[in-house]
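Encoded as structure tokens, the structure appears first; notes follow it.
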Amino acid sequence: GAGVSQSPSNKVTEKGKDVELRCDPISGHTALYWYRQSLGQGLEFLIYFQGNSAPDKSGLPSDRFSAERTGGSVSTLTIQRTQQEDSAVYLCASSLNRAGLVMATGELFFGEGSRLTVL
Amino acid sequence: QKEVEQNSGPLSVPEGAIASLNCTYSDRGSQSFFWYRQYSGKSPELIMSIYSNGDKEDGRFTAQLNKASQYVSLLIRDSQPSDSATYLCAVTAGRRALTFGSGTRLQVQP
């Protein structure tokens, strides 16, 4: 597709359930990022994938959060045993970032986000 | 201390005025600086990038960087109601993921 695609756009779940959020980046983009945004807040970094390198997981808030990227393309963010504080919009972004080129990291193309509500 | 700090606003300016948005950052090793615009209910989009001290102009937008003061700003000339949005400052410090501020909400009054 032309842009970053995320699904589902909205997810309502009960506390304690697991959820999976999907991101399909722009074709050819080597870097993929997950951020989350709580109401009225800025973007909180979660995890970053660059090509075949080990992902930067430094932003994951707890071991209930995990993400994978299959075949260097589609990524899935999994939240286990969801809590109410997990409620937020989860944004995926991709870029043409080439490792070592700092200036290339700035233009992130964001998807429309997945709004997660944990009851 | 937050890594990237912005006044949450709202900053209210009349149509045609200059809007000045400010951002400070804590990591002196930061190398690249960006301004993203986010309309309500939408995702952020990049509007400006700046890498060296001084000013960078693009149309009605000017980004200003002062690394000694750890300060970056965005000026919007001839502000239009369509500029009303939240403006997010983002910084990289050699790490590969951008660190975002919490954003400043701008309201341009017709």
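So the sequence lines, in the order shown, correspond to chains F and C. The first sequence begins at 1 in our numbering and counts up by one. The second sequence begins at 1001 in our numbering and counts up by one. Note that CB positions come from ideal geometry on N, CA and C, so glycine has one too.
If you run the structure through DSSP and keep just helix, strand and coil, what is residue i?
i                  : result
Thr70 of chain F   : helix
Gln84 of chain F   : helix
Pro1081 of chain C : helix
Ala93 of chain F   : strand
Thr1104 of chain C : strand
Ser1026 of chain C : coil
Asn1066 of chain C : strand
Asp18 of chain F   : coil
Locate the beta strand (DSSP E) running through residue i, then write down its first and last residues.
i                  : result
Thr1086 of chain C : Ala1085 to Thr1092
Leu119 of chain F  : Where Leu119 of chain F is concerned, there is no enclosing beta strand (DSSP E), given that its DSSP letter is neither H nor E.
Glu1045 of chain C : Glu1045 to Ile1050
Val1120 of chain C : Lying before the first or after the last residue shown, residue 1120 of chain C is absent from chain C, which here runs from 1001 to 1110.
Asn10 of chain F   : Asn10 to Thr13
Asp1055 of chain C : Gly1054 to Asp1058
Mind listing the chain B neighbours of residue i? Cutoff is C-beta to C-beta under 7 Å, in chain order.
i                  : result
Gly1101 of chain C : Reference to chain B is not applicable here, since the protein chains of this structure are F and C.
Quick one: what's got a C-beta closer than 6 Å to residue i's C-beta in the same chain, skipping five residues either side?
i                  : result
Asp1055 of chain C : Thr1062 and Gln1064
Phe45 of chain F   : Tyr35 and Gly59
Gly3 of chain F    : none
Arg1077 of chain C : Ile1018 and Arg1060
Kindly list, in the order they appear in chain C, the residues whose Cβ is closer than 9 Å to that of residue i.
i                : result
Glu20 of chain F : By Cβ distance, chain C contributes nothing, its closest Cβ being about 20 Å from Glu20 of chain F, past 9 Å.
Grab me the residues of residue i's own chain with a C-beta within less than 7 Å of its C-beta, minus the 5 sequence neighbours each way, in chain order.
i                  : result
Glu112 of chain F  : Gln6 and Ser9
Leu1074 of chain C : Leu1021, Trp1035, Met1048, Phe1061, Ala1063 and Tyr1087
Arg64 of chain F   : Ile79, Gln80 and Arg81
Ser38 of chain F   : Ala88
Ala1085 of chain C : Arg1037, Gln1038, Tyr1039 and Leu1106
Starting from the beta carbon of residue i, find every residue of chain F whose beta carbon is closer than 7 Å, and list them in chain order.
i                  : result
Ser1043 of chain C : Leu91, Phe110, Gly111, Glu112 and Gly113
What in chain C is Cβ-close to residue i, meaning under 7 Å?
i                : result
Glu14 of chain F : Those within 7 Å of Glu14 of chain F in chain C number zero; the least Cβ separation is about 25 Å.
Phe45 of chain F : Ala1097 and Thr1099
Would you mind telling me which residues of chain F sit closer than 9 Å to residue i, beta carbon to beta carbon, in chain order?
i                  : result
Leu1106 of chain C : Neighbours of Leu1106 of chain C on chain F: none; closest Cβ ~15 Å, over 9 Å.
Spatial neighbours of residue i within its chain, please: CB distance less than 8 Å, with the 5 preceding and 5 following residues excluded, ordered by chain position.
i                 : result
Val102 of chain F : Per-residue confidence for Val102 of chain F stands at a pLDDT of 47, beneath the threshold of 50, marking its modelled position as unreliable; the derived number appears in the next sentence. Same-chain partners within the cutoff: there are none.
Contact set between the segment 1079–1092 of chain C and chain F, restricted to residues whose Cβ is under 8 Å from the partner: Among the residues of the segment 1079–1092 of chain C, those with a Cβ less than 8 Å away from any Cβ of chain F are Leu1088, Ala1090 and Thr1092, in the order of the chain.
Chain F contacts from the segment 1026–1051 of chain C (Cβ-Cβ distance under 7 Å): Per Cβ criterion, the list reads Gln1031, Ser1032, Phe1034, Ser1043, Pro1044, Leu1046, Ser1049 and Tyr1051.
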